[in-house]
Amino acid sequence: MKTLLNIIWLVLSGFWLFLGYMLAGIVCCILIVTIPWGIASFRIGVYALWPFGKTVVNKPTSGVWSFLGNVVWVIVAGLWLAIGHIASGIALCITIIGIPLGIANFKMVPVSLAPLGKEIVDL
1 MKTLLNIIWL
11 VLSGFWLFLG
21 YMLAGIVCCI
31 LIVTIPWGIA
41 SFRIGVYALW
51 PFGKTVVNKP
61 TSGVWSFLGN
71 VVWVIVAGLW
81 LAIGHIASGI
91 ALCITIIGIP
101 LGIANFKMVP
111 VSLAPLGKEI
121 VDL
């Protein structure tokens, strides 16, 4: 079932969200100082490409630096990516078959706003 959901996700919203994360990662890597945010963007982008069967957990070793880094991330790219997830989630929830995908989009909003201090693991 998760493979079917991943394929539908990829076609309807996953590819576009993946491109958004890759663009944010490239911009962050160009700015040199924000390379750690670029790496986090690439990591979350791959998760946005194929999310079913994976989950996001907090890293136990993250501390205040992750929080401060996430504040910078929201300013640089996090807000726009979160808006993309919300808009895509609303559009997917209009149809009955898209409701699980819309809910998955809404679940990705917190990680799009605060990717530092998070880890993606298989279920």
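Note that the sequence shown covers residues 1 to 123 in the UniProt record's numbering. Glycine included, every Cβ here is placed at the ideal spot set by N, Cα and C. Predicted model, so just to flag it, every value in this text is computed and none were measured.
Residue i, DSSP secondary structure in three states
i: T55; result: strand
i: I120; result: strand
i: V74; result: helix
i: G50; result: A small fix is needed here, since residue 50 is Trp in this sequence, not Gly. Looking at W50 - three-state DSSP - the assignment turns out to be coil, as it is neither helix nor strand.
i: M108; result: coil
Given residue i as reference, the closest of the options once Cα atoms are compared
i: T3; options: F18, L101, I30; result: L101
i: V33; options: C93, A114, I7, W73; result: W73
i: M22; options: I7, V46, I86; result: V46
i: L17; options: P60, G89, P36, T61; result: G89
Anticipated Cβ contact below 8 Å, residue i with residue j, distance rounded
i: P51; j: M1; result: At roughly 14 Å, the Cβ-Cβ gap does not stay under 8 Å, so P51 and M1 are not in contact.
i: S41; j: A24; result: 5 Å
i: A104; j: W9; result: 7 Å
Short Cβ contact (7 Å threshold) for residue i with residue j
i: V57; j: V121; result: yes
i: G69; j: L116; result: yes
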